[in-house]
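Read the structure below first, then the notes.
Residue numbers (my numbering), protein chains in the order written: chain H, 1 to 601; chain W, 602 to 1202.
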């Protein structure tokens, strides 16, 4: 099973095309400018700056370059091309003779190259390698590929041959999946070998814990023995992605089984309803099973992206619908909340609930008395600004998650308006998602018989005759005739597992793939006092001009504040309506409280 | 309105007498031994030790000395008396010529005396002054009183006359209430003057914020302008206690109004159902209104004690029943949870919920990835071990909260088995609290007409003909006849205010003054899946041999784990019984999950 390149599949009109347009017109520029201002681009010249550079700055730039390569293949922008070229020139001009490159270490700590497992050098390298693949594949620019080739040789020599580094495997995984991408592009064995070296060494006796603790960086067990998602969520998910790559490449059933266990562990015990993962601030890590606090959720935007990468790889192995379900959950919720509606600003953390009163109170405290809480307004830049450029490149990658194919089988996983120009097949989709469940699919298989499978979203409760394992199945030759389906979006209640303590007694409200939230700016009723009953009387207003903004109105009851902190009488309740918007759209107006999970009446 | 001394009022048999017996036989010894082992006693010799001493160690010892003075007045123990004498001798022997004493500063940082507002020097001094009052009042030992007198002169000279200290008012309040106790005992004006100096200067322009932030140490406003409880909870409540003392002494209506506002703010917005306060770990502080997380509650044992001190002072001013309600809430719950049933070990933090799975998972993490969570088993000692000796002295002080009197009026506030030998009145109480609501009160007013008021507990839903403002009122001469009352304890549901987000949709279960909790060691049903309906079918087992251990059995439903993390179908529910014990008794057996607030069906 494989997916299609961004050359082959492109969004057309609609929801995701608009997001990609925003990326081209706004986000790519905005992120570049903040990076320029903060010295991240100048750092590539590898000279001492007035500003102290940082050991993971290169990864920020590399992700932007990767995004630029995708973007420039579909959207000419002389300014972005010039910025791209300048950065690429700086990188290749300052690569060390041996092949090493890191704009921080080679300037400030040349003596410490590969001495600190948390130095992020291999992580930065990995992102450069991904940019190299994108440059070559989409712009036919092989400058970064040559840079990567020399850099890989250097890493190979140090880690595999000489073994003279202070650590054996990267503290922050990423390079492994990047090396598999290099291998996929070039078929050069050394890339695969190095990736496999890092994966097979991980958690072995020869890979002692020299950083923050073995769980934290997934070094507690050899990868084939890992079945519970642990530690830093982004690191973990990048690792699992590379593990899936290796499982597929080598048809390694043991590794595949580990990946399946990890996925099942995440989606059955450690994932927010938004697709976010990594619930704790401290360690930015997966917590114990069912520990999913809403207000103190870490839920990094990069983790939502990384979960999609992992699911994409698992789809390539198995073709199973469950991976598409999770990709959809992330796309419309946990990922998309990470960027503002205007494309200019970002969330790093993605709480499922915020209290404006608490946030304001906390803000007034002196540092010594300030609690950690997620921020409640998106910002243009973070000190550690990994998420914004990750959003840029991910927005470009979305079309690659729409279709998957193998011999005689074509899977439509994401119902996104797009055109596909495959080698043996063409297709187009007109999708009304997420405004309605209406989709029109046309496939032309040029007379060849094909098994077409269209994923039935998890939230769809319609019955279909041709449903099988989560897909609508059609088996025939296709000549471009319209297949029209209405998956029928309605407001539905989502029940959490009874072991999620933070959601006990509560329900979330959804509309199709969208998790809904209520903001206090739209509701006079205090959100904690809301009691949700039947939702059959709910209505959805799709007429708002900004198509990203859907408003749902749900009849509720709320408890009247009886002014007693504790009492023996049940507080009185009254009827009202709750106004909800898609979760991804929260925090785009004035400061507000926000809530996803409401007490069920 | 005044209360009675510990000479006048003593517990007899029953619940609190047993706790006092435990204090005499176990706790006082255990705390002393840990303090001895850790160098806290040797530190008083003011020589350099192998162990580094700490700037607030003196306060630990001073609280133990205060407790010892109370204890030795009712219970002869040669060992404790010898320890008491040795410590007193060390203190007076090492007081500086000028009057200053601090076993840390005079040895390790003599140049830094009164340079650091967070140095805890005045806090430690205050605790010595309280010990001095206790020694003089109960043992007729005036050694510490003479020590205190010289020390106060030194402080007065430095802070009031020379004003050559680096700060104006203490960073950690305590000395103010201690000075009022010295004044009450001796009627010497300088004590009152110094207390009033610190109180009146606090939060004024002359008292700049030189520590962790002005809210944190209640320096954001002059005390008469403070109406919202803010900052470090123990500091705040010690301050409010002293403010009440000053309001009463000077009949200062403005200050009294501030105290009433602060009390109302706490009990209507910032107090746990257990009487605990100070909900956030960071800053150990009061949070915003209704922010009362259960699992991450800080809820320091000292704060429960300090809230009783504040309520006691407000009772002395107003005689109002509401202060007695809160004292009762703290006594049986938030305070008492701070000590193990065997009297040997302590909680500093008092969460209202713990998840064993989460605690264990967190424990396995490396420090860099470890979240802050309250501990789940009491320990004998803390690095900052303020709570254990505070428990010791507070257990001795309990009889002083039973009765209050003024001209012609006698208030019975706490229904505790005890004998009172007042100047004009004698009384005895036989109370079955907290096993049942039965109380037998005998008062002898020697033929004099008296207005006797017996507080009707908040949880009592019986109607009484002679009820007035929360009291049962009797007005006549009393000659020792029995007044028998049954306040009728039953299992009742407590509803939280609808604005407490963490308790939305939930109820707590209570039996009389006891907040109940369920431990996973007693329940096969996962606590997060419990749904509480009607409690009329609940039963209480009072037959357990340890009278501190009451078991309640409440019929409930629970949700069956459907193995889905999120689903569109409501999980199935089944009937079961929930076993509950008093909250104060939690965490006394094996490691367990624990919960107070349950989803209401």
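Backbone N, C-alpha and C define an ideal beta-carbon position, used for all residues, glycine too.
Step through the CB atoms of chain W and report whether any lies within less than 7 Å of the CB of residue i.
| i | result |
| --- | --- |
| residue 283/H | yes |
| residue 280/H | yes |
| residue 567/H | yes |
| residue 434/H | no |
| residue 249/H | no |
| residue 77/H | no |
| residue 288/H | yes |
| residue 540/H | no |
| residue 526/H | yes |
| residue 326/H | no |
Would you please verify whether the beta carbon of residue i is less than 7 Å from any beta carbon of chain H?
| i | result |
| --- | --- |
| residue 1171/W | yes |
| residue 1093/W | yes |
| residue 869/W | yes |
| residue 863/W | no |
| residue 1160/W | yes |
| residue 1130/W | yes |
| residue 892/W | yes |
| residue 972/W | yes |
| residue 734/W | no |
| residue 1200/W | yes |
| residue 874/W | yes |
Can you tell me the Cβ-Cβ gap for residue i and residue j, rounded? I've got them flagged as a contact below 8 Å.
| i | j | result |
| --- | --- | --- |
| residue 298/H | residue 227/H | Incorrect: roughly 23 Å between the Cβ atoms, too far for contact. |
| residue 931/W | residue 905/W | 5 Å |
| residue 262/H | residue 240/H | 5 Å |
| residue 364/H | residue 816/W | 7 Å |
In the structure shown, what three-state DSSP assignment does residue i receive?
| i | result |
| --- | --- |
| residue 373/H | coil |
| residue 519/H | strand |
| residue 596/H | coil |
| residue 1022/W | strand |
| residue 1213/W | Absent from the model: residue 1213/W. The displayed extent of chain W is 602 to 1202, so no value can be given. |
| residue 1080/W | strand |
| residue 56/H | coil |
| residue 285/H | strand |
| residue 348/H | coil |
| residue 629/W | helix |
| residue 649/W | coil |
| residue 474/H | strand |
| residue 872/W | strand |
| residue 328/H | helix |
| residue 740/W | helix |
| residue 341/H | coil |
| residue 1051/W | strand |
Please go through the segment 1129-1182 of chain W and give each complete beta strand (DSSP E) segment of 3 or more residues, from N-terminal end onward.
1131-1133, 1140-1142 and 1152-1160
With 8 Å as the C-beta to C-beta threshold (strictly closer), list the residues of the segment 958-970 of chain W near chain H in chain order.
958, 959, 961, 962, 963, 965, 966, 967, 968, 969 and 970
In chain order, which beta strand (DSSP E) runs of at least 3 residues are fully inside the segment 156-230 of chain H?
none
Going along the segment 817-845 of chain W in order, which residues come within less than 8 Å of chain H, judged by CB to CB distance?
817, 832 and 833
Taking beta-carbon pairs under 9 Å, can you tell me which members of the segment 494-521 of chain H lie near chain W?
494, 495, 496, 497, 498, 499, 500, 501, 502, 503, 504, 505, 506, 507, 508 and 510
What are the complete alpha helix (DSSP H) segments, minimum 4 residues, inside the segment 668-720 of chain W?
679-695 and 706-709
Residues, ordered as in the chain, of the segment 335-360 of chain H that lie near chain W by beta-carbon distance below 7 Å
355, 357 and 358
In chain order, each beta strand (DSSP E) run of at least 3 residues that lies wholly inside the segment 977-1019 of chain W
1004-1007 and 1010-1013
Output, in sequence order along the chain, the residues in the segment 1042-1073 of chain W whose CB is closer than 9 Å to any CB in chain H.
1059, 1060 and 1062
At what residue ranges does the segment 1085-1111 of chain W contain a whole run of the beta strand (DSSP E), taking only runs of 3 or more?
1092-1097
Taking beta-carbon pairs under 8 Å, can you tell me which members of the segment 156-182 of chain H lie near chain W?
none
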